[in-house]
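Q:
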Amino acid sequence: GNLLAQQAIADVFCVNGDSEWRGLGVIESSGVHLTPDYQRFDAEAHFRPAPQQVCDDPRARCGEVLTGKCKPHQCPLFGNTCNPQTAFGALMVSSEGACAAWYQYRQQESEA
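Numbered according to full-length UniProt numbering, the sequence shown spans residues 1 to 112.
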């Protein structure tokens, strides 16, 4: 890989234990924090956000989409309960999410 980019990332971030990822659960050694030289930019330390527990709908198949086990349209919530206006899964929340992109381009394809 790009050694210069890897060094830049290592200068700014350090691994800080396990982390929970929406749709995937806890992944060992995947949590990162800013290194001491960059901690002054840590918004979490400055603003102290309240801990949030996110409970995704158990019918959402976000983890399976992320790991390639199914496609977005194979989720029972896709396009109905879960859409860009009322996102239920992590992958529909962001416009760059796999489900949001699938939804947008599926719509464009059917209009063509």
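C-beta atoms are modelled at their ideal positions from N, C-alpha and C, and glycine is treated no differently. Note that the structure is predicted; figures quoted are calculated from it, not measured.
(1) Do R22 and A90 count as a contact pair if the criterion is CB distance below 7 Å?
(2) Residue range of the alpha helix (DSSP H) that F47 falls in?
(3) Quick one: residues in its chain with C-beta nearer than 6 Å to the C-beta of A87, no 5 flanking neighbours on either side, listed in chain order?
(4) In the DSSP assignment, the alpha helix (DSSP H) including C14 goes from what residue to what residue?
(5) Run the CB neighbour count on F13, radius 10 Å, all protein chains shown included, and call it buried at 16 or more, exposed below.
(6) Here's a check: name, in chain order, each residue in its chain whose Cβ is nearer than 7 Å to the Cβ of C70, leaving out the five neighbours to either side.
(7) To the nearest angstrom, how far is the alpha carbon of Q58 from that of L77?
(8) Between V32 and the rest of its own chain, which residues show a CB-CB distance below 7 Å, the 5 nearest in sequence each way excluded?
A: The relevant details are as follows:
(1) The count along the sequence shown starts at 1 and reaches residue 90 at position 90. The count along the sequence shown starts at 1 and reaches residue 22 at position 22. Taking 7 Å as the Cβ cut-off, A90 and R22 qualify as a contacting pair.
(2) As a first step, residue 47 is located in the sequence shown; it is residue number 47 there, counting from the start. Segment A43 to F47, the alpha helix (DSSP H) holding F47.
(3) Locating residue 87 in the sequence shown gives position 87, counting from the first residue. Closer than 6 Å at Cβ, skipping near neighbours: V93.
(4) Indexing the sequence shown from 1 puts residue 14 at position 14. Unbroken run through C14 is the beta strand (DSSP E), F13 to V15; no alpha helix (DSSP H).
(5) For this step, residue 13 is matched to residue 13 along the sequence shown. That one is exposed.
(6) Taking the first residue of the sequence shown as 1, we reach residue 70 at position 70. Answer for C70: R61 and E64, listed in chain order.
(7) Walking along the sequence shown from the start, residue 58 turns up at place 58. Walking along the sequence shown from the start, residue 77 turns up at place 77. The sequence shown places Pro at residue 58, rather than the Gln named in the question. Approximately 10 Å, taken between the alpha carbons.
(8) To locate residue 32, count along the sequence shown from 1; it is residue 32. Excluding residues within five positions, the ones whose Cβ falls inside 7 Å are F13, C14, V15 and N16.
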